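Numbering (full-length UniProt numbering), first residue to last: 1 to 271.
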Amino acid sequence: MWPRVVALLACTSALRPHTHHAPPRRRAVALRAGEFVPVGAVRAGEVTRVESYGCFVKLDDGGASGLVHVSELSHERARPEDVVAVGQPVLVKVLAPREPGRTSFSLKAVDQRTGAASAPPKRARKPAATTKVSLDDCVVSYSRASGAGGQNVNKVSTKAELRFSVDDSKLPPAVRAQLRATHAARLTKNNELLVVSEAHRTQRLNAADALARLQAFVDAAASAAAPRATRPDKARRIKGLAKGSERKRKDGKRRASAKKAARGRVSKDDF
Numbered sequence: 001m002w003p004r005v006v007a008l009l010a011c012t013s014a015l016r017p018h019t020h021h022a023p024p025r026r027r028a029v030a031l032r033a034g035e036f037v038p039v040g041a042v043r044a045g046e047v048t049r050v051e052s053y054g055c056f057v058k059l060d061d062g063g064a065s066g067l068v069h070v071s072e073l074s075h076e077r078a079r080p081e082d083v084v085a086v087g088q089p090v091l092v093k094v095l096a097p098r099e100p101g102r103t104s105f106s107l108k109a110v111d112q113r114t115g116a117a118s119a120p121p122k123r124a125r126k127p128a129a130t131t132k133v134s135l136d137d138c139v140v141s142y143s144r145a146s147g148a149g150g151q152n153v154n155k156v157s158t159k160a161e162l163r164f165s166v167d168d169s170k171l172p173p174a175v176r177a178q179l180r181a182t183h184a185a186r187l188t189k190n191n192e193l194l195v196v197s198e199a200h201r202t203q204r205l206n207a208a209d210a211l212a213r214l215q216a217f218v219d220a221a222a223s224a225a226a227p228r229a230t231r232p233d234k235a236r237r238i239k240g241l242a243k244g245s246e247r248k249r250k251d252g253k254r255r256a257s258a259k260k261a262a263r264g265r266v267s268k269d270d271f
């Protein structure tokens with residue numbers, strides 16, 4: 001019995017279809033009958049039509065035409081007519097088709113002079129605005145303290161004075177304006193925010209205490225300057241009040257206009 005079972009299993013496995021997967025091939029696009037071009041290949045062509053959504057390019061070797069979408073024309077935002085013109089020779093890169101049977105190209109991915117890959121230009125980053133301050137942002141000076149110190153009172157320079165230039169700081173403009181408005185009495189003639197501390201017996205602790213107070217001022221200004229989201233019910237109420245105010249204004253103008261119109265000269269035909 002067992003030899004028959006083994007023979008039956010062998011016949012069944014031989015009849016099964018071959019299910020192993022072939023190695024993946026590089027994606028290609030059919031430009032015309034019998035011609036396939038790998039995605040990423042660079043071809044030369046000519047602009048045949050310019051539309052508001054891009055331009056159409058026909059390849060020089062007799063291949064099919066394809067669309068260069070407006071997002072693939074330039075690294076910068078521009079209108080198609082400002083980038084290409086009808087009859088202009090261009091170099092394009094073959095892209096994966098967005099829809100079956102459609103051919104897509106990219107103009108910005110190819111350097112039009114050398115034919116090499118073109119990368120977007122690097123933009124200089126602006127220094128990010130921050131609300132964190134440090135001793136490097138301040139001018140620190142020390143003088144004789146009159147506070148805690150025991151026998152060292154008025155003898156050792158432990159009093160810390162921090163001068164923080166508001167205009168030259170990296171704070172956002174709104175925070176700087178809030179600082180100037182809130183602490184106007186602490187500003188010097190050079191528009192520097194002055195913070196003093198003499199609560200401790202050492203320069204290091206007084207400087208740290210003054211820096212902590214300065215950071216508290218900046219945090220409070222940042223919190224006050226931050227835009228607050230309006231609640232939906234409050235926004236509807238404000239909108240309704242604005243409409244009512246506009247309606248009252250127009251009604252008042254109509255009444256005033258009618259009153260002035262009734263002040264015309266009296267003639268004998270009015271009686």
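Yeah, the Cβ is synthetic: ideal placement off N, Cα and C, and Gly gets one too.
Just so you know, these numbers come straight off a predicted model, no measurement behind them.
Beta carbon of residue i nearer than 8 angstroms to that of residue j
i	j	result
residue 160	residue 203	yes
residue 225	residue 184	no
residue 197	residue 213	yes
residue 54	residue 42	no
residue 135	residue 207	yes
residue 162	residue 210	yes
Through-space distance from residue j to residue i, alpha-carbon basis
i	j	result
residue 141	residue 190	16 angstroms
residue 230	residue 240	15 angstroms
residue 168	residue 179	13 angstroms
residue 143	residue 171	28 angstroms
residue 251	residue 71	51 angstroms
residue 186	residue 193	6 angstroms
residue 275	residue 47	Limits of the chain in this structure are 1 at one end and 271 at the other, which puts residue 275 out of reach.
residue 75	residue 121	8 angstroms
residue 255	residue 133	60 angstroms
residue 52	residue 73	12 angstroms
residue 165	residue 177	13 angstroms
residue 77	residue 115	22 angstroms
Close Cβ partners of residue i (< 7 angstroms) along its chain, the five nearest in sequence each way excluded
i	result
residue 112	90 and 91
residue 232	none
residue 182	221
residue 45	57, 58, 59, 60, 90 and 92
residue 131	171, 175, 218, 219 and 222
Bridge partner(s) assigned by DSSP for residue i
i	result
residue 195	162
residue 51	54
residue 105	68 and 94
residue 89	46
Near the ligand MN: residue i beta-carbon under 7 angstroms from a heavy atom
i	result
residue 220	In the structure shown, the ligand MN is absent, as is every other ligand, since no ligand is present at all.
Own chain partners of residue i with C-beta closer than 8 angstroms, once the 5 adjacent residues on each side are dropped
i	result
residue 81	50
Beta-carbon contacts of residue i that lie in its chain and below 6 angstroms, excluding the five residues immediately before and after
i	result
residue 269	none
residue 145	158, 159 and 198
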